[in-house]
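**Q**
Residue numbers (this note's numbering): 984 to 1085.
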C-alpha cells in the first residue's frame, strides 16, 4: 500500500478532505523525523515505538579492494511494534491465508 492509498483510505473512513489528510500525514512524518533527529523516541500506545537504535563501532571489509574499513558508532531509526499490533497481525486471517502451505 502506498502513501497515496493510505491517504485515500483515511479520507474515505473519516470523511475528511484528501488535502487535509495529506497535510496531517506529512506533518506527522515531519514531527517523527525531526524528533528522532533531535534524539527523541516516539511512543504510540497500542501501535508501537519509533526509536533510535545505537550501532556499535565495527570493522568491516571492502571486498573489492580487500581493505578494512572502520564504521564509527552511529544511530539508525527503527520501529518496534506494540504487543497489541503484533497480536493483531499474528491472529489475522488474511495473513494466515497468504502463508505458504506445507
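Where is the CB? At the ideal position from N, CA and C, for every residue including glycine.
By alpha-carbon positions, which one of 1026, 1037 and 1050 ends up nearest to residue 1066?
**A** Comparing Cα-Cα distances from residue 1066 to each of 1026, 1037 and 1050, the minimum goes to 1026.
**Q** Just verifying my parser: in three-state terms, what is the DSSP assignment at residue 985?
**A** Residue 985 falls in the coil class under three-state DSSP.
**Q** Which residue wins for smallest C-alpha separation from residue 1045, given the options 1054, 1037 and 1038?
**A** Residue 1045 has its Cα closest to that of 1054, out of 1054, 1037 and 1038.
**Q** At the level of alpha carbons, what is the spacing between residue 1063 and residue 1001?
**A** Going by the C-alpha atoms only, they are around 29 angstroms apart.
**Q** Have a look at residue 988 and residue 1009 and give me their C-alpha separation to the nearest angstrom.
**A** C-alpha separation (whole angstroms): 14 angstroms.
**Q** What residues in its chain sit with their C-beta under 7 angstroms from that of residue 1057, if we drop five residues either side in the sequence?
**A** Correct list, in chain order: 1038.
**Q** Take residue 1011 and list the residues in its own chain whose beta-carbon comes closer than 7 angstroms to its own, dropping the five residues that flank it on each side.
**A** Closer than 7 angstroms at the Cβ level, and outside the excluded window around residue 1011, lies no residue.
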